[in-house]
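Novice: Let me begin by handing over the structure; questions about it come next.
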Amino acid sequence: MSKPPENSQTGKPRHRAFFGRVSGKRLHKGQHALLETLLPELQVDLPEEGMIDPEQLFSKAAKQRIIEIGYGGGEHLARLAEENPETGFVGCEVFTGGIGKMLQKIAVQGLKNISLFTEDAFRLLQVLPDASIDGVYLLYPDPWPKSRHHKRRFVSKTTLDELARVLKPQGFFRFATDIEDYANWTLAHILRHEGFEWPPCPPGSWHNPFSGWQPTRYEEKARREGRDKSFYFSFRCRDAQNLGLK
Ligand SMILES: C[S@@+](CC[C@H](N)C(=O)[O-])C[C@H]1O[C@@H](n2cnc3c(N)ncnc32)[C@H](O)[C@@H]1O
């Protein structure tokens, strides 16, 4: 495993503990086969040292580079990739069941513009060059509802620092959740972070899904369980270089 890169300002390695489930129910036979055959073709490996070359990761021809963190069953990522064949996508997911479902969608839909990262997404962010990504989705991340577990949430000062560094100026960070406490948590972190802004929008419009929205498995679960409103935030990256963050 490669060492985590150092923070350019403090010289200290940037760490983040990972908490999550990596395996669960057994995979279907077809999914298991795809893990052995298709995954090695699509899988992103971390470099032994230094940064990763985005042109290799996303293909040279990709007009835009988009990452989805924690894609779950891959409904949203597969639809985006199908509708935007000239955009390159990297999906990050640690849960084998989700990876199996994603591989099946890639195979059935014949998607050619997705690579997969199967470890903690933060580790990928750490090796991406400054201002190399056009947009990042984080949809229905694990809510970790108990106060003593809030520090496990993906949104934190540390992850926002890294997102602000890798996003291009004006690049987007899109976040969705059905958990009001996580929505407030994320807004508070974003509003405190000099690398991001929340463009003005009419009150309540944050309950409207992003345009061309594909509901995800977790959104459907939320609706079934009676949580009928979600929060959809689209944040913009400021020019972090000029702010001295890169
Ligand atoms: C609550 S599920 C939501 C899945 C999907 N986005 C949806 O809306 O249906 C959160 C997913 O994020 C994945 N995950 C959590 N932390 C992650 C991390 N650090 N890197 C990559 N995936 C992560 C989990 O394995 C899980 O599948």
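What the sequence shown shows, in the numbering used here, is residues 58 to 303, in sequence order. Every residue, glycine too, gets a C-beta built ideally from N, C-alpha and C.
(1) Along the chain, where does the alpha helix (DSSP H) containing residue 289 start, and where does it finish?
(2) For the beta strand (DSSP E) that residue 247 lies in, which residues bound it at each end?
(3) Measure the Cβ-Cβ separation of residue 196 and residue 233 and say whether it is below 8 Å.
(4) Give, in chain order, every unbroken run of the beta strand (DSSP E) that is at least 3 residues long and sits entirely within the segment 174-260.
(5) Return the CA-CA distance between residue 135 and residue 162, expressed in angstroms with no decimal places.
(6) I'd like the span of the beta strand (DSSP E) that includes residue 163, first residue to last.
(7) Alpha carbon to alpha carbon, how far is residue 116 from residue 284?
(8) Check the DSSP bridge columns for residue 147 and list the partner residues they point to.
(9) Skipping 5 residues on each side, what residues in its chain have a beta carbon closer than 6 Å to that of residue 288?
(10) Could you name the residues of the same chain whose beta carbon sits closer than 6 Å to that of residue 210, not counting the 5 residues immediately before and after it, in chain order?
(11) Run through DSSP, which three-state label would residue 271 get?
(12) Would you call the segment 145-156 in contact with the segment 164-175, where contact means no fewer than 3 C-beta pairs closer than 8 Å?
(13) Using only CA atoms, which one of 198, 225, 227, 226 lies nearest to residue 213?
(14) Just grab the DSSP bridge partners of residue 100 for me.
(15) Where does residue 93 fall in DSSP's three states?
(16) Should the segment 130-144 be regarded as contacting the segment 271-284, the criterion being three or more beta carbon pairs within less than 8 Å?
(17) Let's test the definition: count the other Cβ atoms within 10 Å of the Cβ of residue 191 and tell me whether it reaches 16, buried, or not, exposed.
(18) Do residue 111 and residue 186 have their C-beta atoms closer together than 8 Å?
(19) Excluding the five sequence neighbours on either side, which residues of its own chain have a C-beta within less than 8 Å of the C-beta of residue 231, listed in chain order?
(20) Over the uninterrupted alpha helix (DSSP H) stretch that includes residue 119, give me the two end residues.
(21) Under the criterion of a Cβ to heavy atom distance below 7 Å, does residue 274 qualify as lining ligand 1?
(22) Using DSSP with H/G/I as helix, E/B as strand and the rest coil, what is residue 76?
Specialist: Answer, in terms of the structure:
(1) As a position in the sequence shown, residue 289 is number 232, starting the count at 1. Where residue 289 is concerned, there is no enclosing alpha helix (DSSP H), although the beta strand (DSSP E) it sits in stretches over 288-294.
(2) As a first step, residue 247 is located in the sequence shown; it is residue number 190 there, counting from the start. Taken as a continuous stretch (DSSP letters only), residue 247 belongs to no beta strand (DSSP E), being part of the alpha helix (DSSP H) at 237-249.
(3) Locating residue 196 in the sequence shown gives position 139, where the first residue counts as 1. Locating residue 233 in the sequence shown gives position 176, where the first residue counts as 1. Yes. Within cutoff.
(4) 190-196, 224-234, all fully within the segment 174-260.
(5) As a first step, residue 135 must be located in the sequence shown, where it is residue number 78. As a first step, residue 162 must be located in the sequence shown, where it is residue number 105. Straight-line Cα distance between these residues: approximately 7 Å.
(6) Looking up residue 163 in the sequence shown gives position 106. Premise fails: residue 163 lies in the alpha helix (DSSP H), 153-166, not in any beta strand (DSSP E).
(7) Mapped onto the sequence shown, residue 116 falls at position 59. Mapped onto the sequence shown, residue 284 falls at position 227. The alpha-carbon of residue 116 is positioned some 39 Å away from that of residue 284.
(8) By one-based count along the sequence shown, residue 147 stands at place 90. Partner(s): 124, 172.
(9) Here residue 288 corresponds to residue number 231 of the sequence shown, with the count starting at 1. Around residue 288, the same chain offers 234, 240, 263 as residues with beta carbons nearer than 6 Å, after the five sequence neighbours per side are excluded.
(10) The sequence position of residue 210 within the sequence shown is 153, counting from 1. For residue 210, where only same-chain residues beyond five positions count, the Cβ hits under 6 Å are 201.
(11) Stepping through the sequence shown from its first residue, residue 271 is reached at position 214. Coil.
(12) The answer is yes - the segment 164-175 touches the segment 145-156, with three or more Cβ pairs under 8 Å.
(13) One-based indexing of the sequence shown puts residue 213 at position 156. If we check each option's Cα against that of residue 213, 198 comes out closest.
(14) Residue mapping note: residue 100 aligns to position 43 of the sequence shown, counting from 1. Residue 100 is bridged to 173.
(15) Locating residue 93 in the sequence shown gives position 36, where the first residue counts as 1. Of the three classes helix, strand and coil, the one that applies to residue 93 here is helix, per DSSP.
(16) Taking 8 Å as the limit for Cβ pairs, the verdict is that the segment 271-284 does touch the segment 130-144.
(17) As a first step, residue 191 must be located in the sequence shown, where it is residue number 134. With 16 or more Cβ atoms within 10 Å of its Cβ, residue 191 is classed as buried.
(18) Here residue 111 refers to the residue found at position 54 when the sequence shown is read from its first residue. Here residue 186 refers to the residue found at position 129 when the sequence shown is read from its first residue. Closer than 8 Å, so yes.
(19) Translated into the one-based positions of the sequence shown, residue 231 becomes position 174. Its chain contains 192, 193, 194, 195, 196, 267, 289, 290, 291, 292 as the residues whose beta carbon lies nearer than 8 Å to that of residue 231, once the 5 sequence neighbours on both sides are disregarded; these appear in chain order.
(20) Counting from 1 along the sequence shown, the entry for residue 119 is found at position 62. Element bounds for residue 119: n/a, residue is neither H nor E.
(21) Numbered from its first residue, the sequence shown carries residue 274 at position 217. For residue 274, the shortest separation between its Cβ and any heavy atom of ligand 1 lies below 7 Å.
(22) Looking up residue 76 in the sequence shown gives position 19. Residue 76 falls in the coil class under three-state DSSP.
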